[in-house]
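In our numbering, the protein residues as written are 1 to 201.
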């Protein structure tokens, strides 16, 4: 799998903090102006650094975009898994999963008039890395479902597989009519309630 290597080794804590600063600046610029209209100079200025300093961390604008895009998914998966494995009822934990991942991402994208351009700017490498992140989310959901509805029988495995599919794919259908953030979150709440009721039955 291709990875986005940096021109310089900045794996220390300060380098990580700088990359996070650049990510935040780049995301703000891409959201405000779109991918094509955003320049390296604008990202550097928003991050409070010079263009030469920016090139110490990233090769070009597409490299920044890819890194920031994957980092967004990493952060949302972290928050979703934390909510899923926190204390609470099955419904509360499933809603936490859905709202922190699907709901928060939808709100982030809905805030930008350039969301379609931003999504289309993803490369094959970026998509592959995001799939790796999503695999971590699927694994966390599978662990949760195995604990919520244990059993080694084929029937138990089949039920868990159906719940996992519903939790993953239903939110995609919820976006079909481009709902408001509030409406999308309401649909996620209903989904969590329905799946939780079936699990707890």
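Ideal Cβ placement from N, Cα and C applies to all residues, glycine included.
Note that the structure is predicted; figures quoted are calculated from it, not measured.
Supposed contact pair residue j and residue i - C-beta distance, whole angstroms, cut 8 Å
i, j, result
"residue 182", "residue 91", "So it is not a contact: roughly 19 Å between Cβ atoms."
"residue 28", "residue 65", "In fact, because the Cβ distance is near 13 Å, the residues do not count as touching under 8 Å."
"residue 112", "residue 180", "15 Å between Cβ atoms; not a contact."
"residue 93", "residue 80", "With a Cβ gap of about 10 Å, residue 93 and residue 80 do not count as contacting."
"residue 70", "residue 129", "5 Å"
"residue 105", "residue 85", "No, residue 105 and residue 85 are not in contact; Cβ-Cβ is about 19 Å, not under 8 Å."
"residue 67", "residue 23", "7 Å"
"residue 163", "residue 145", "6 Å"
C-alpha distance - residue i paired with residue j, whole-angstrom precision
i, j, result
"residue 178", "residue 169", "16 Å"
"residue 166", "residue 155", "17 Å"
"residue 191", "residue 88", "17 Å"
"residue 226", "residue 102", "The requested residue 226 is not part of the displayed model; the chain covers only 1 to 201."
"residue 16", "residue 26", "15 Å"
"residue 133", "residue 35", "23 Å"
"residue 174", "residue 100", "16 Å"
"residue 185", "residue 95", "9 Å"
"residue 115", "residue 109", "6 Å"
"residue 153", "residue 147", "14 Å"
"residue 159", "residue 38", "47 Å"
"residue 63", "residue 201", "48 Å"
Open item on the list: Assess contact between the segment 42 to 59 and the segment 128 to 144, defined as three or more Cβ pairs (one per stretch) separated by less than 8 Å. Is contact present?
Closed with: Judged by Cβ distances under 8 Å, the segment 42 to 59 makes no contact with the segment 128 to 144, as fewer than three pairs qualify.
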